[in-house]
Every structure is written in C-alpha cells, then in structure tokens.
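Heads up: the structure comes next, in structure tokens.
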Amino acid sequence: MTGKEFMLAAFEAISHNIIEHEEYLNHLDNAIGDGDHGTNMARFSHIILKDLPEFSADHDDLGEIMHHVGMCCITEIGGSAGPLFGKFFLQASLSNKNNTFMEAANWVLAFEEGTMGVSQIGQSTEGEKTMLDALFPASRAMQETLEEGKSLPEIFLAGAEAAEKGVEFTKTIQASKGRAAYIGQRSIGHQDPGATTVMLMLQSMHKTAVDMHVE
Amino acid sequence: MTGKEFMLAAFEAISHNIIEHEEYLNHLDNAIGDGDHGTNMARFSHIILKDLPEFSADHDDLGEIMHHVGMCCITEIGGSAGPLFGKFFLQASLSNKNNTFMEAANWVLAFEEGTMGVSQIGQSTEGEKTMLDALFPASRAMQETLEEGKSLPEIFLAGAEAAEKGVEFTKTIQASKGRAAYIGQRSIGHQDPGATTVMLMLQSMHKTAVDMHVE
Amino acid sequence: MKKFINKPENLEIETARGMALAKPNILRQLPGCNIMVRQNKKTDRVALVFGCGSGHEPAPNGYVGYGMLDAGIPGKLFSSPTPDMLLKGIKEVQTEAGVLCIIVNYTGDVLNFRMAMEMAQMENIAVESVIIADDVATQKTKSVGRRGLAGVALVMKIAGAEAEMGSDLYRVKEVAEWAASGLRTIGVACRPCIIPSDGEPSFELGETEMEIGMGLHGEPGVLRCDMMSAKDTVHQMLELILLDCNYENSEVVVLINGLGGTPPMELYVINQCIHDYLAEHGIKIYDTMIGNFMTSLEMGGFSISLMRLDPHLKALYDAAAVTSVIRR
Amino acid sequence: MKKFINKPENLEIETARGMALAKPNILRQLPGCNIMVRQNKKTDRVALVFGCGSGHEPAPNGYVGYGMLDAGIPGKLFSSPTPDMLLKGIKEVQTEAGVLCIIVNYTGDVLNFRMAMEMAQMENIAVESVIIADDVATQKTKSVGRRGLAGVALVMKIAGAEAEMGSDLYRVKEVAEWAASGLRTIGVACRPCIIPSDGEPSFELGETEMEIGMGLHGEPGVLRCDMMSAKDTVHQMLELILLDCNYENSEVVVLINGLGGTPPMELYVINQCIHDYLAEHGIKIYDTMIGNFMTSLEMGGFSISLMRLDPHLKALYDAAAVTSVIRR
Ligand SMILES: Nc1ncnc2c1ncn2[C@@H]1O[C@H](COP(=O)(O)OP(=O)(O)O)[C@@H](O)[C@H]1O
Ligand SMILES: Nc1ncnc2c1ncn2[C@@H]1O[C@H](COP(=O)(O)OP(=O)(O)O)[C@@H](O)[C@H]1O
Ligand SMILES: [Mg+2]
Ligand SMILES: [Mg+2]
Ligand SMILES: [Mg+2]
Ligand SMILES: [Mg+2]
C-alpha cells in the first residue's frame, strides 16, 4: 500500500530521469519527428519538481494529485505528447478519486485506464510505433504479475521490462501515427521517443518502489 | 540651308555616337545616379535608326520630324532623360512647323527653344549639374556665332565646344537636381551623364554638317 | 539573424499584441495570453474557433471578426496551442448554439483539439470539429491523413458565413466539410525560414533548388528540383491537384498564398500562369485571393489552393466579413 | 536567382495581367499595356491617376477601384511610367471635373508626369497634381525635396474619397495636399532585393547590418548599423519622424509597410513597439494598417508612416473603398 509520500517521490524520480534524458529524447525525436520531445518533457518535469510538492501540501487525495499532474501535462508539454500524457494521468486519476492510499490493484487499474485514455485520444493502438507500444505491453505485464500476487516493486519491474521490449519493438516497425508517419518506411530502424519516455517513467516507478520498500 | 537629308543624317550620326558611348554613359551615371543613362539613350537611338527613315519617307515637314523624334524620346528613353530630351525636341519643333528647309537661324532658334523647354520641364537652370550645363552655354555660343555670320558647321562647332566646357564644369559642382542631388557633396568630381549626351549630340551635328558640306 | 523582433521568448505574445493593437474595433485579446476574440460577442449563433502554431501570421488571429472566427488561438512558434488554451477560447465564445472547431490536420493540432473538446463537453458545451487536410503532396490513404495548409482560410470564410446565418451546429459543420471536400492545396518552397530561437534555417535547400509539396514547417514534399519558370512550377503544382481532384467544368475560388518571403509581384506573375492553366483545363475561376494568408515566418515560396463552389458556397464566400485580413 | 517569374523582360506585363485577372470586377487592363482602370468609369467626378515603377506591387494597380484610383500606371521595373503611358491613362479616365495626378517625388516620376500633364492640357484636359514627399530620411530643404514612400497609399485613400464626394479638382487637390502635409515616413532595410534582369542584389549590406532611411530602390539612408531589436529600431525611426513633425496630441493613422521579404509576424511585433512609443509621446492612434502596401520586390525591411487626421480626413479615411488591397 502506498500513500502521498510514495506518489510524490515517484513523480520526483520520473522528473529527474526525464531531465537527465532530455538530449537523448530530442535526439530520438530528431530522427523521425521534429526533435522536441525531450525539451517538451523536460519543461514539464521542471514544473512538476517545483510545483507538485507545493500543490500536494494541502491535497491528500491521490486522484486529485494525479489529475493535477495530468493538467500540468496538458498545459506544459505541448506538441502531441502533451494531450497524450495529459489524458493518461487524467484517466488514471478517475478510479482513485478520494483515495489517500493506493493498493497494487489501484496502480494496475490506473495504468490500464490511462493507457486506454491514450489510445482513445490518439485514435491509435499497438503496432503504430507510438508510446502505446510501451504502454499496452506494460499494462498487460502489470496485470499478470498482479494476478500472480506479486508485490508492487515486482509489478513495476514487470511493467518497465515490458515497456523496454516495446521500445525495442518500435525500432522494427513503420510509423502509422504521429509525425513519424509522414516519413513512411524511413521511420523503420529508429526507436519511438514517446515509448522511450514511458519506459523511463516505469523504471523510475520501480526504482522508487524498491528504494522506499513499498509492498 | 539644310533639308530633310541633312536632318536624317544628323539623327543617324547622333544615334550611332550614343550607341558607341552606351557603356561610357552608364559608367558616368553609375557614379552619381542609377547607371542606366547609356542604356536609356541607346534604346532610343536604336529605335531612331530603325524608325526615322521610315517615318520621314512620307513626311517632309522638318518640324514634324523633330516632333516625331521628341515623341520617340518620350516613349522610349524613360527615366528623367526621356521627358527632358522629349521636351527639347518637341519645343524645338514648334518654330519649324511647315518648314521643309532650315536656315542657320532656324537651327539656333530651335536649339534655344529646346533648351528653354528642358529648363521649364526640369524646373532647373545652369549650375545644377545637369544637361542644362551643356545646353545653355551651347545655345549662347551658337547664338553668338550666328550673329557673327558664321556658317552652320562653325555654329555647331561652337555649340559642341561650349557643351564640352559645360561638361567639364559639371565635374566641379554639386548636383542640386536629379538623382545625383541625393548624394550631395559626393557628386563633386564626377561629370554629368546628361550633359555628356548633349555634347555627343552636338559633336555629331557638327561632323554631319562638315561631311555634308552644308552652309 | 536579420529579423525585426525583440526577445525570441516573447515573440508569440508580442505578435498577438501587435495584431490586437492594430484593430481594436475588431479584436479583443484575452488578458495574459495570445487568444483573440471578436469585440462583439455572438449570443445565439454557432461560434467558430481556430488555432494553430504562431509563425503562420496572419493566421489564426487575422481571421477573427464578423463573418469568420469568434476566437483565434495561436500556440507557440510552429506548435499547436495546448488544450487548456483551446478550452479557454472555446469557453469565452461559446453560445447555446455550440462551437465549431476548425483544425488543420497535424497530429499535434488534432490531439490538442480533441482533448480540449473532451474537456469542453465535460462542461456541457456543444462542440464539434472539422479537420482540414488539403495538402495533395501528402497521401490521402495514410492513417494520419493529409496535412492542412492555407486552404483552411477559405473554409473559415464559408463556415463563418453559414454560422452568421443562424444555422445550427450540425449544419455549419456539414457545410464546412462540404467546402473542405472540394478543397485542394499544394505548396512550393525555395528558401527556408530562420527559427528565431537559434537563428538556424528550418531546412537546407541548394543554391538553385526548390521543393514542391513542402509543408508549412519544412515537412518533406514530393519533388526537389532546380528552380523552374513560374509557368512550369505552376503547371507541376496544378497537375498534382488535378490528378487528385477533378475540377473540370467546375467553378472554383483560387487562393494564392505567399509564405512570407515571396513578394506580391511574384504572386501576381504566378496568378496569370494559374489562370491560363485552368482556362486550358476548362475550370472556371469565380474569384482569386492573392496575399500572405498563412505564412511560415519569412519562408520563400507559395501555395495554390482551389476550392469548388456551388451556388450556396458562392453566397457564403461573398457574404459580409469584417476581419483584419478579409473584408467583404 | 530564386524567383518565381518567367522571362525578366515580360515581368511588368505579366505582373499587371496577373493583378487584372485576380479582380475582373474591379479592374480593367487597357489592351497591350500595363495600365489599369476602374471597371465602372467615373462620369462626373474628379478622376485620380497614380503611376510608379513596377516592382512596388501592389502599388499602383492594387489601389485602382471605387474610392481610390481611377487609373494605375506602372512603368518598367523601378522606373517611372513614360509620359505617353501617363497620358493614355489620363485620357482614359478623364471627366469634365478633371484629373488629379498623384506623384511620388523622384525626379523621373515628376518629370514624366509634368510632361504628360502638359500634353494633357494641350488636349484641353483639366489636370492638376499633388507630389508626395514623405521620406524624413531625405532633407526637406534640398532643391529636389524629399523622396516619396509608402505614405502615398494614405493620400490616395483620402483624395479618392474626396473625389467620390463630388468635390471639384481644386478642392480634391487641396485636401490631398493637406493630408500630405501631415504625412511622414521612414524606412529601414536589412536585405537587398535581387534585380531580375541580372540576378544581382540592388545594394550591398553586411551580414549583420541594416540601414535606416534607405529608399525604395536602395537609395542611401541616414544610418547604417548592426541589426537592433524591433523596439530600438522603431525608436530610432520614430525619433526621426517626430524630430521633423510635431504630432503631440494629434490623432494619426499608422501605416506599417513591409518591403516584400519581411513577414507579417515581424510587422505585428513592430506594431506593438510603435504603439508603445506613440503612447509615451502622447500621440493617439486612430487606425493602423499593416501589410505589403508598397514593396521593393523581395527586399527585407519595412517603413512606418504617420498621417495626421482631423475630423474631415477621418471621414475620408473611413469612407467606402473597393480596391484589390483596401476595402472599406
Ligand atoms: N496518435 C498517437 N497516439 C499515441 N501516441 C502518439 C500519437 N502521435 C504521436 N504519439 C507519440 O508522441 C510522440 C511525440 O511527442 P512530441 O515530440 O512531444 O510531439 P510532436 O510530435 O507534436 O512534436 C511520439 O514519439 C509518439 O510516441
Ligand atoms: N531637373 C532636371 N533638369 C535637367 N536635367 C536633369 C534634371 N534631372 C535630371 N537631369 C538630367 O538627367 C540625367 C539622368 O538621366 P537618366 O539616367 O536617363 O535618368 P534617371 O536619373 O531617371 O535614371 C542627368 O545626368 C541630368 O543631366
Ligand atoms: Mg516532437
Ligand atoms: Mg513538436
Ligand atoms: Mg539614370
Ligand atoms: Mg533610371
């Protein structure tokens, strides 16, 4: 079971991780997009680091905190990733409204609902070389490990590993959504920046869960 | 006394002379203007060479021929020189309407009236570094030699020599009319292209008069 | 960098303010942001909202005013306005008749609008959209569809006029989609624009090269080649349009859009080439609009749009409009 | 040379034709030449004629139409139309009320117009002229006077409206001169245009340089310096205008004219700098016009014009006009 403390630590870890990879994400986006994905995500991360501790000082509702993060995605990221990650967190927040604690099952459900939100707003699905190629496999892996009765660190680990495989998979396919779709076949061989961000997020979730010894 | 034959020969000589000096006139205009005076005058000269023999085939009235040349200046030269030389020949043509022959006095009067026309349309006078610095002295010199009873070749020679002095004089003064006026003091040291054209014209008149043994 | 600007980070807000200050009778800028709304708010007619990246001036805010847009929402340079800004604009101009969002078909724009529309619907605002995908340089069959180009200005004119007539939201959307269905655009670029933040050109092009079909942000086109005469360039471009859409015996409006660095003289020369080509192909021209309608900073080049007209669209095209750019 | 043109020698005629084809309801091109006249010829009002070199599009022909010009007469590239063409235009639109010629103050233009007017008078046409010399970069005291710049578009608007009112020739001339007396313009250039006949730039300017006060054809200005911010550039320019003419407590119209290669975004940024500066100096802005009104091919840069308004000039400024460029 996790509370506000874990959530804040997780978003802090995610933000640092993204900021560290800003150049890398830009580089990935440069190959098949417009080269701004790292800048977009880092801008958001800096805001989260500054703003989230403040906001959560007088908010204990984890659904509300996730909703706040979603709104922050929407206003700060821009580009395609803004509404996509925004939708992810807004959707994930719904089933946690009024929760001050989240069980493993809450996390897995939130992740699944967030993923569905991205798919809906993006009108896209797996195999189109987008962040969904990390989100869907991760969601499935987390569901399975949950059903196997694993702990939250193990669940996040499974998610992170599935996302990593998803990122590898994006290298092999042609984009049919997003900017990368314009360059057609030439997108093959490059990994999707959005999927990479999802992987980085899950890796940070896992690490935070391990470090904080949550169950 | 001169007739159509002389007039045609004179305009032909003038045209050739200008075409020969096209680059030179452009070069002079480049220093203090926009570098097109030679091109402008040569365009006109080519038309005269082609068109004037044709036109005068069924026109014996010398005033009409001069008027035609003036109109050709107006339509073909462009820039400032177009209306100026146009006005010169239109004005010069007036006192020769219905003349099939011109005496020396007719030529001198025509030149004077043409000069006055340029001054009027240009709202300019001697000493402003324009073609008038050739026209006015030439007109006076021709008047004087006429009064001295000299022959037409001598009258044109006096005009050409006075124009040449005028051209030299333009080097020493600052422009207060035309494009060259914009560059102020920097115009000093350069000779005026329009005045140079007047000199070339009078030199051709003189040469034609000598060659054709007119009186 | 030879630009008359101040700090690049203030570019978008200064641009919006500069537009608002020029036409205070037409435009009202929402405090603290770049959103522009009409001075005389509609009360009972469908409201029209359009947003796109900054750098495409006079789009979007130049089209705000009677008979066209109710709100214009520019994003950062060359990137879509965010959902919160779009929502703010939508809420500001919404009426009981609802709001129609006009969207140029870039993933970012579509996603941001979609999100904003969802949020608006959660606040019980009736909102619909029409997506403009007029660029024949991109394939219709692609899942992402075609890019949107300057032709959107014509759809704004049509939809804006239909809305002023008092038609309901579904009718306004239907008419906009009908207009868009007969709309095709093709662009060409010969000089990149310079991105203000780093002073770098938006793409590389050889000394004598141009690219037909290039997108508004330097997206790849269909043919990179040596500069051709205006006539040959126009022929190549119109051929691509006519291959895609049959305008024979149709009456069309022609929109010739300068990309920012191509001067009026060239656009007029281009127009007579277009006119001759269309005449040869049995296409009747109802009207021609020439100017800078949707630029890419100072990019060199232009686009040609054709929009098919029927009697109803003609009336809408001619209907009154009072915006900074288009007046009827 | 990256221009969308055909043969340079056909540039002027193709430009004129391209303009005429775009607005057949407004414009009628005289056969075989570049002269443009209004479709609905005036019968009893004073007719207005303006001519200038080609390369300054949309001037002159973009201002032909109800409420502005009766004839526009473009010359060859950057050179005045010749007297025969001017006379042809004058004769085509003359009425019993007479013709007012609007002339920008370049020696060539003035001489060609003067000659044409003389010829018109010989044919018993009542013809008067007003000479526009609005460029504060040139000295008023010089015998040749100041150069004329984009401010002429505002005088055309005023004089055109006065003529439509049915005023007589002397009144129209008087009003045009009154408007011109309160008109000042200053330009700045940062990139030369390319002369189509030889592909050469019209002047040289360093990598980072601009020149304040440069004329429409690259004539020397008053200050060559490194690029400055929009704000500083505007301050330098407006200072020159205000040193020359006291607009304090006046109401003015501001015209921001792009030279062809400077995009709308920059012009809007410039506008807000102008607005702030004028506000600080107690000058009230009645209206602001922003766009390409008098270009120099694709030259980079812009000009700022201020014209003082009184109640009568305001009414004329607002009066109806239907031209390709200006509509009221
Ligand atoms: N329709 C879509 N559905 C899901 N993800 C998408 C879609 N379109 C784009 N993406 C994701 O967005 C990422 C690009 O984000 P970003 O670079 O920030 O936006 P932009 O492409 O507007 O510059 C892509 O790598 C991809 O993962
Ligand atoms: N007001 C004037 N009066 C008399 N001559 C003038 C005047 N203005 C210019 N000129 C003459 O015109 C000549 C320039 O002619 P040209 O180069 O063909 O025209 P533009 O200056 O329009 O390019 C000058 O050298 C000068 O002699
Ligand atoms: Mg990107
Ligand atoms: Mg982007
Ligand atoms: Mg010259
Ligand atoms: Mg010249």
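Protein chains in written order, with the working numbering: chain A, 10 to 224; chain B, 10 to 224; chain C, 8 to 335; chain D, 8 to 335. Ideal Cβ placement from N, Cα and C applies to all residues, glycine included.
Inter-residue spacing [alpha-carbon to alpha-carbon] between residue i and residue j
{"i": "D:Tyr-73", "j": "B:Glu-163", "result": "60 Å"}
{"i": "C:Gly-225", "j": "C:Pro-199", "result": "8 Å"}
{"i": "C:Cys-4", "j": "C:Met-43", "result": "Outside the displayed span of chain C (8 to 335) sits residue 4 of chain C, for which this structure offers no information."}
{"i": "C:Asn-264", "j": "D:Ser-303", "result": "19 Å"}
{"i": "D:Glu-19", "j": "D:Ala-160", "result": "20 Å"}
{"i": "A:His-30", "j": "A:His-36", "result": "10 Å"}
{"i": "B:Ala-90", "j": "D:Thr-145", "result": "23 Å"}
{"i": "C:Gly-173", "j": "C:Asp-51", "result": "8 Å"}
{"i": "A:Ala-113", "j": "C:Leu-266", "result": "54 Å"}
{"i": "C:Gly-240", "j": "C:Phe-11", "result": "Looking at the sequence provided, one finds Thr at residue 240 of chain C rather than Gly. Rounded to whole angstroms, C:Thr-240 to C:Phe-11 spans 31 Å at the Cα level."}
{"i": "B:Ala-19", "j": "B:Thr-217", "result": "6 Å"}
{"i": "C:Ala-133", "j": "D:Gly-220", "result": "54 Å"}
{"i": "C:Pro-67", "j": "C:Pro-81", "result": "6 Å"}
{"i": "B:Met-10", "j": "D:Met-306", "result": "56 Å"}
{"i": "A:Gly-193", "j": "A:Gly-42", "result": "12 Å"}
{"i": "B:Asn-39", "j": "B:Ala-189", "result": "10 Å"}
{"i": "C:Asn-299", "j": "C:Phe-309", "result": "9 Å"}
{"i": "C:Asp-294", "j": "D:Met-26", "result": "12 Å"}
Minimum C-alpha distance to residue i - residue among the options
{"i": "B:Thr-206", "options": "B:Leu-144, B:Ala-218 and B:Gly-42", "result": "B:Leu-144"}
{"i": "D:Lys-49", "options": "D:Glu-125, D:Asp-251, D:Ile-80 and D:Gly-167", "result": "D:Gly-167"}
{"i": "B:Met-111", "options": "B:Gly-168, B:Leu-161 and B:Ala-147", "result": "B:Leu-161"}
{"i": "D:Lys-149", "options": "D:Thr-114, D:Gln-46, D:Glu-287 and D:Cys-197", "result": "D:Thr-114"}
{"i": "C:Ser-209", "options": "C:Asn-41, C:Gly-62, C:Met-124 and C:Ala-78", "result": "C:Gly-62"}
{"i": "D:Asn-13", "options": "C:Gly-298, C:Ile-277 and C:Glu-305", "result": "C:Ile-277"}
{"i": "D:Ile-311", "options": "D:Ile-333, D:Thr-330, D:Leu-285 and D:Val-329", "result": "D:Leu-285"}
{"i": "C:Val-117", "options": "C:Gly-155, C:Ser-236 and C:Met-163", "result": "C:Gly-155"}
{"i": "A:Phe-94", "options": "A:Asn-105, A:Ile-41 and A:Leu-141", "result": "A:Leu-141"}
{"i": "A:Glu-135", "options": "A:Lys-186, A:Phe-165 and A:Gln-100", "result": "A:Lys-186"}
Residue i at chain B interface by Cβ criterion, 8 Å
{"i": "D:Arg-35", "result": "no"}
Near ligand 8: residue i beta-carbon under 7 Å from a heavy atom
{"i": "D:Gly-72", "result": "Ligands in the displayed structure: ligand 1, ligand 2, ligand 3, ligand 4, ligand 5 and ligand 6; ligand 8 is not one of them."}
Any chain A beta carbon closer than 8 Å to residue i
{"i": "C:Gly-308", "result": "no"}
{"i": "C:Lys-98", "result": "no"}
{"i": "C:Glu-226", "result": "yes"}
Minimum Cβ-Cβ distance from residue i to chain C less than 8 Å
{"i": "A:Ala-119", "result": "no"}
{"i": "A:Ile-192", "result": "yes"}
{"i": "D:Glu-21", "result": "yes"}
{"i": "A:Arg-52", "result": "no"}
{"i": "D:Met-172", "result": "no"}
{"i": "D:Thr-240", "result": "yes"}
{"i": "D:Phe-11", "result": "yes"}
{"i": "D:Cys-40", "result": "no"}
{"i": "A:Thr-84", "result": "yes"}
{"i": "D:Arg-334", "result": "yes"}
Cβ of residue i within 8 Å of any chain D Cβ
{"i": "C:Ala-237", "result": "yes"}
{"i": "B:Arg-149", "result": "no"}
{"i": "C:Leu-18", "result": "yes"}
For the stretch 270-302 of chain D, which residues have a beta carbon sitting closer than 7 Å to at least one beta carbon of chain C? Only Pro-270, Pro-271, Met-272, Glu-273, Tyr-275, Val-276, Ile-277, Asn-278, Gln-279, His-282, Thr-295, Ile-297, Asn-299 and Thr-302 from the stretch 270-302 of chain D bring a Cβ to less than 7 Å from some Cβ of chain C.
Any chance you could list the alpha helix (DSSP H) runs of at least 4 consecutive residues sitting entirely within the stretch 143-224 of chain C, in chain order? Within the stretch 143-224 of chain C, the complete alpha helix (DSSP H) runs of at least 4 residues are 159-171 and 176-188.
Beta carbons nearer than 7 Å to chain D: which residues of the stretch 107-140 of chain C have them? Answer set for the stretch 107-140 of chain C: empty.
Using a Cβ-Cβ cut-off of less than 7 Å, give me the residues of the stretch 168-195 of chain D that come near chain B, in sequence order. With the criterion set as a beta carbon lying under 7 Å from some beta carbon of chain B, the stretch 168-195 of chain D has no members that meet it.
Residue ranges of each beta strand (DSSP E) within the stretch 286-320 of chain D, 3 or longer: Runs found: 291-298 and 307-316.
Name, going along the chain, the residues of the stretch 73-97 of chain A whose beta-carbon falls closer than 7 Å to a beta-carbon of chain C. The stretch 73-97 of chain A vs chain C, Cβ under 7 Å: Ile-83, Thr-84, Gly-87, Gly-88, Ser-89, Gly-91, Pro-92, Leu-93, Gly-95 and Lys-96.
Length-filtered (3 minimum) beta strand (DSSP E) runs lying within the stretch 134-218 of chain A: Complete beta strand (DSSP E) runs here, min 3: none at all.
What are the residues of the stretch 126-140 of chain B that lie near chain D, defined by any Cβ-Cβ distance shorter than 7 Å? So the list reads Ile-130 and Gly-131, given in the order they occur along the chain.
If the cut-off is 8 Å on Cβ atoms, which residues from the stretch 33-47 of chain B count as contacting chain D, listed in chain order? Listed by position, the residues of the stretch 33-47 of chain B near chain D (Cβ gap below 8 Å) are Asp-43 and Asp-45.
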